[in-house]
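With mature numbering (1 follows the signal peptide of the UniProt record, and there is no 0) as the guide, the letters of the sequence shown map in order to residues -26 to -1, 1 to 89.
The C-beta atom is built at its ideal place from N, Cα and C for all residues, glycine as well.
Owing to the predicted nature of the structure, the values given are computational and were not obtained by experimental measurement.
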Amino acid sequence: MKIPSTKFSSFLLLLLALTITGQVQAHSVHGETGSSSEALCTSASYDDGGPMSYANVEITAPNAEVPFQSGRTDRNGYFCFRPDAPGRWKITIKDEDGHFVRLGTKVSKEMLSQH
(Lines of atoms letter the chains of each structure in order from A and count residues from 1; the text may use other names and numbers.)
(Lines give C-alpha, C1' and ligand atoms only; values in the text may rest on other atoms or scores of the structure.)
Protein backbone atom coordinates (compact mmCIF):
# COMPACT_ATOMS: atom_id res chain seq x y z
CA MET A 1 0.00 0.00 0.00
CA LYS A 2 1.41 3.39 -0.96
CA ILE A 3 0.98 6.08 1.72
CA PRO A 4 1.52 9.72 0.65
CA SER A 5 4.16 10.96 3.06
CA THR A 6 3.06 14.62 3.39
CA LYS A 7 -0.59 13.78 3.79
CA PHE A 8 0.21 10.90 6.12
CA SER A 9 2.56 12.98 8.30
CA SER A 10 0.09 15.84 8.69
CA PHE A 11 -2.80 13.59 9.51
CA LEU A 12 -0.69 11.45 11.84
CA LEU A 13 0.30 14.51 13.88
CA LEU A 14 -3.31 15.69 14.11
CA LEU A 15 -4.55 12.23 15.00
CA LEU A 16 -1.89 11.74 17.65
CA ALA A 17 -2.60 15.12 19.21
CA LEU A 18 -6.37 14.69 19.35
CA THR A 19 -7.40 11.08 19.59
CA ILE A 20 -4.85 8.60 20.85
CA THR A 21 -4.58 7.09 24.27
CA GLY A 22 -2.34 4.21 25.11
CA GLN A 23 -1.90 1.83 28.01
CA VAL A 24 1.42 0.05 28.27
CA GLN A 25 1.98 -3.09 30.35
CA ALA A 26 5.08 -5.18 31.23
CA HIS A 27 8.26 -3.77 29.68
CA SER A 28 8.14 -0.48 27.84
CA VAL A 29 6.32 -0.78 24.55
CA HIS A 30 5.17 2.10 22.38
CA GLY A 31 2.36 2.33 19.85
CA GLU A 32 0.98 4.88 17.42
CA THR A 33 -1.88 5.10 14.97
CA GLY A 34 -2.23 7.24 11.88
CA SER A 35 -4.40 7.43 8.80
CA SER A 36 -3.85 7.72 5.09
CA SER A 37 -6.39 8.08 2.33
CA GLU A 38 -6.66 4.29 2.27
CA ALA A 39 -6.38 2.92 5.81
CA LEU A 40 -5.80 3.45 9.51
CA CYS A 41 -2.32 2.24 10.42
CA THR A 42 -0.73 1.42 13.73
CA SER A 43 2.86 0.75 14.69
CA ALA A 44 4.42 -0.77 17.78
CA SER A 45 7.98 -0.69 19.07
CA TYR A 46 9.97 -1.52 22.18
CA ASP A 47 11.59 1.14 24.37
CA ASP A 48 14.94 0.49 22.65
CA GLY A 49 13.35 1.52 19.33
CA GLY A 50 13.16 -1.99 17.89
CA PRO A 51 9.90 -2.87 16.11
CA MET A 52 7.42 -5.36 17.54
CA SER A 53 7.84 -7.60 14.49
CA TYR A 54 5.09 -10.13 13.78
CA ALA A 55 3.22 -9.32 17.00
CA ASN A 56 -0.45 -10.33 17.32
CA VAL A 57 -2.93 -7.53 16.62
CA GLU A 58 -6.60 -7.42 17.56
CA ILE A 59 -8.87 -4.63 16.31
CA THR A 60 -12.24 -4.08 18.01
CA ALA A 61 -14.90 -1.82 16.51
CA PRO A 62 -16.93 0.61 18.63
CA ASN A 63 -19.54 -1.13 20.80
CA ALA A 64 -18.47 -4.57 19.57
CA GLU A 65 -17.86 -7.72 21.59
CA VAL A 66 -16.18 -9.70 18.80
CA PRO A 67 -12.94 -8.53 17.14
CA PHE A 68 -13.39 -6.69 13.84
CA GLN A 69 -10.05 -7.96 12.57
CA SER A 70 -6.98 -9.77 13.83
CA GLY A 71 -3.58 -10.44 12.37
CA ARG A 72 0.10 -9.70 12.87
CA THR A 73 2.30 -6.66 12.48
CA ASP A 74 4.80 -6.77 9.64
CA ARG A 75 8.55 -7.05 10.23
CA ASN A 76 8.66 -3.29 10.88
CA GLY A 77 5.92 -3.40 13.53
CA TYR A 78 3.15 -1.94 11.29
CA PHE A 79 -0.45 -3.07 10.82
CA CYS A 80 -3.15 -1.35 8.73
CA PHE A 81 -6.91 -1.81 8.53
CA ARG A 82 -9.97 -0.07 7.06
CA PRO A 83 -12.54 0.91 9.70
CA ASP A 84 -16.15 0.81 8.57
CA ALA A 85 -17.91 2.72 11.37
CA PRO A 86 -17.36 5.94 13.30
CA GLY A 87 -16.53 5.85 16.99
CA ARG A 88 -13.77 4.70 19.33
CA TRP A 89 -11.75 1.75 18.02
CA LYS A 90 -9.58 -0.42 20.28
CA ILE A 91 -6.25 -1.83 19.14
CA THR A 92 -4.26 -4.40 21.13
CA ILE A 93 -0.77 -5.43 20.02
CA LYS A 94 0.85 -8.32 21.90
CA ASP A 95 4.09 -10.23 21.35
CA GLU A 96 4.80 -13.84 22.32
CA ASP A 97 6.83 -12.77 25.38
CA GLY A 98 3.81 -11.07 26.97
CA HIS A 99 4.67 -7.46 26.08
CA PHE A 100 1.63 -5.55 24.90
CA VAL A 101 0.21 -2.14 24.21
CA ARG A 102 -3.43 -1.07 24.05
CA LEU A 103 -4.36 1.88 21.91
CA GLY A 104 -7.60 3.66 21.21
CA THR A 105 -8.41 5.96 18.34
CA LYS A 106 -11.54 7.83 17.38
CA VAL A 107 -12.75 7.44 13.81
CA SER A 108 -15.00 10.23 12.56
CA LYS A 109 -17.56 10.13 9.75
CA GLU A 110 -15.29 12.53 7.85
CA MET A 111 -12.40 10.06 8.08
CA LEU A 112 -14.60 7.29 6.70
CA SER A 113 -15.62 9.42 3.72
CA GLN A 114 -11.91 9.74 2.80
CA HIS A 115 -11.51 5.94 2.55
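Contact between THR47 and ALA29 holds, with the beta-carbon distance rounding to 5 Å and staying under 8 Å. Annotated three-state conformation of GLU70 is coil, per DSSP.
Annotated three-state conformation of GLU39 is coil, per DSSP. Its chain contains GLU32, ILE33, THR34 as the residues whose beta carbon lies nearer than 7 Å to that of PRO41, once the 5 sequence neighbours on both sides are disregarded; these appear in chain order. Excluding its 5 nearest sequence neighbours in each direction, ASN50 has C-beta neighbours in its own chain below 8 Å: SER17, PRO25, SER27, listed in chain order. Closest by C-alpha distance to HIS4, out of PHE74, GLY45, CYS15, is PHE74. Restricting attention to ASP22, GLN43, VAL81, the CA atom closest to the CA of ILE67 is found in GLN43.
PRO57 has its alpha-carbon roughly 13 Å from the corresponding atom of ASN37.
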